[in-house]
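Everything below concerns the one structure shown next.
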Amino acid sequence: PEKIEEASAARRIAAYFLDFFAVILVSLIYFIFPIKISGIIQQEFVITPFYILTILLVFWIYLTIFENEGGQTLGKALLDIKAVGEMNIKKAAVRNFPKAFIIPLIIDVILGRKYKTLRFIDKYAEIRVVKL
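Under this note's numbering, the residues of the sequence shown are numbered 1 to 132, in order.
Laid out in structure tokens, this is it:
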């Protein structure tokens, strides 16, 4: 029997970031540039929580579909790694949820510390969570 080598953490992390930046790039091209070119908005485009959530949702869907279909996203394919096992859409969705949403939440909390709130998004939304 052939020995299967686990993918290193470095390759997995690199694949994650390749996928994340690919989705951001496509999202910018698809959502933002057409709006600016068409002149619908005259002022400078501002990234809002809505756009961030949309990109994260697209990222989750992208990871889920590609891993369900062939076990590989673009990042995994470029780094010669693959998710193996009996994959289905539900397993792919559950397995990729943390990749799409937990890491941004951690970043949100870290940035929030700078503004003395629990989360950065609370500062942006001008919301505070208080004890009653």
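Virtual Cβ for every residue (Gly too), placed ideally from N, Cα, C.
Can you list, in chain order, the residues of its chain with a C-beta nearer than 7 Å to that of residue i? Leave out the 5 residues immediately preceding and following it.
i   : result
T64 : I89, A92, A93 and N96
G71 : K82, A83, V84 and M87
F66 : Q72 and T73
K99 : Y16 and L63
N68 : M87, N88, I89 and A92
R11 : L79 and I81
Please go through the same chain and pick out, in chain order, the residues whose beta-carbon is closer than 8 Å to the beta-carbon of residue i, but skip the five residues on each side of it.
i    : result
F101 : L56 and W60
V23  : I55, V58, F59 and Y62
P104 : I52 and L56
I106 : none
How far does the alpha helix (DSSP H) with residue i in it reach, from first residue to last?
i    : result
G112 : I89 to K114
K3   : First-last for K3: undefined, no H or E at that position.
G70  : P49 to G70
G75  : L74 to L78
For chain D, check one thing: does any of its Cβ atoms lie closer than 9 Å to the Cβ of residue i?
i   : result
A10 : The structure shown contains no chain D, having only a single protein chain.
Does the Cβ of residue i lie closer than 8 Å to at least one heavy atom of the ligand PLP?
i    : result
G112 : This structure simply doesn't include the ligand PLP, nor any ligand for that matter.
Give every residue of the same chain whose Cβ lies closer than 6 Å to the Cβ of residue i, excluding the five residues on either side of it in the sequence, and list them in chain order.
i   : result
G75 : A15, L18 and D19
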